[in-house]
Amino acid sequence: MRTKKEECIIDEMGRVSLPSLFMQLTKLETNDKVFLRSCDDWIIIDHHDENVPVPSHIFIRTIDHMGRIVIPRSLRDDYELKPFDYVELYVVEQQIVMKKRDEKSIALSQKPAASPPYYATLTGRQIQLTPELLTSVELDANMEVQFFINKENNIVIQKYEMNFGKKTTLTFTAQSRKIDDRFRLTIPKKLRDDFSIHSSTMLKIKTSNKQLILEKVENEKEISSVLSQQIDAAIVEKLPK
Numbered sequence: 018m019r020t021k022k023e024e025c026i027i028d029e030m031g032r033v034s035l036p037s038l039f040m041q042l043t044k045l046e047t048n049d050k051v052f053l054r055s056c057d058d059w060i061i062i063d064h065h066d067e068n069v070p071v072p073s074h075i076f077i078r079t080i081d082h083m084g085r086i087v088i089p090r091s092l093r094d095d096y097e098l099k100p101f102d103y104v105e106l107y108v109v110e111q112q113i114v115m116k117k118r119d120e121k122s123i124a125l126s127q128k129p130a131a132s133p134p135y136y137a138t139l140t141g142r143q144i145q146l147t148p149e150l151l152t153s154v155e156l157d158a159n160m161e162v163q164f165f166i167n168k169e170n171n172i173v174i175q176k177y178e179m180n181f182g183k184k185t186t187l188t189f190t191a192q193s194r195k196i197d198d199r200f201r202l203t204i205p206k207k208l209r210d211d212f213s214i215h216s217s218t219m220l221k222i223k224t225s226n227k228q229l230i231l232e233k234v235e236n237e238k239e240i241s242s243v244l245s246q247q248i249d250a251a252i253v254e255k256l257p258k
């Protein structure tokens, strides 16, 4: 089974938030116990089987209520993973595989963003954006943004500006937030309530005229299509048979 790549950040506690769609695809749930083991350049996250003896090189951890998992300290040391490092995540054959994003990947990420839409899953109150996505609409980390509603009843985000009396087709929500230094943005509670957006909700983000347009994804076929992209065949070759 193959799926698109996702990138996540290791937090200060050594945790990684597993994408909710990846958890659905691998049939993992919060509070599940999982195996973690190393394989070449990869850390593999797999279902825990209580009937299988656990070798010393395999770790058992629990996915918390926010879909996060702690990467054991020894694995973080082996792979030189530090807080706020990026890791690449893929799904292969009912397993989530992970590796540190290398310099080549970082260089590629600085190139102009691929054609939208971009998909993000709400973690708690926040969505994880990317530098390239923000650059495409002239936004950046530590920049304040305003939230509007367009005629299609979608959330629109754009740079904070004091433009009283300016003609616009958008409805201002009186909500504003700052993009943090890790490119995360909190969706205000009022909008989360109004649009029934909660942790693990998938959002489609399109760009238009220096704006980010957020649309809640509810169509299962669209979710499936997001997961249909191929990953490198080399990953499959690295997994144990």
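Note that the sequence shown ends on residue 258 in the working numbering; no numbers are left out.
Positions of the beta carbon are idealized from the N, C-alpha and C atoms, including for glycine.
What you are looking at is a predicted structure, and each value in this text was computed from that prediction instead of being measured.
- When DSSP reads this structure, M219 sits in a beta bridge with T138.
- Partner residues in the beta bridge of M115, as assigned by DSSP, are I60, L106.
- A straight line joining the alpha-carbon of R90 with that of P100 spans about 11 Å.
- Under DSSP, E23 takes part in a beta bridge, and its partners are L106.
- Under the three-state reduction of DSSP output, R199 falls in the coil class, being neither helix nor strand.
- Between the C-alpha atoms of K50 and R78 there is a straight-line separation of about 6 Å.
- Of the residues assessed, E237 falls on the exposed side of the cut-off, its CB having fewer than 16 other CB atoms within 10 angstroms.
- Residue pairing from DSSP places K176 in a beta bridge opposite V162.
- Around the beta carbon of C25, 16 or more other beta carbons sit within 10 angstroms, so the residue counts as buried.
- For T188, the beta-bridge partners assigned by DSSP are I166.
- Under DSSP, K233 shares a beta bridge with L220.
- Sorting I230, N171, K184, Q175 by C-alpha distance to the C-alpha of S213 places N171 at the top.
- By the CB criterion at 9 Å, Q192 and K176 fall outside the cutoff.
- Put simply, the backbone Cα of H64 is about 8 Å away from that of Q112.
- Beyond the five residues adjoining it in sequence on each side, N159 comes within less than 8 Å, by CB distance, of K195, I196, D197, D198 in the same chain, given in chain order.
- V51 has H64, R78 as its beta-bridge partners, per DSSP.
- Of the residues E161, S216, V108, T186, the one whose Cα lies closest to the Cα of F200 is E161.
- Taking C-beta separations shorter than 8 Å and ignoring five residues to either side along the sequence, the partners of I75 in its chain run F52, L53, R54, following chain order.
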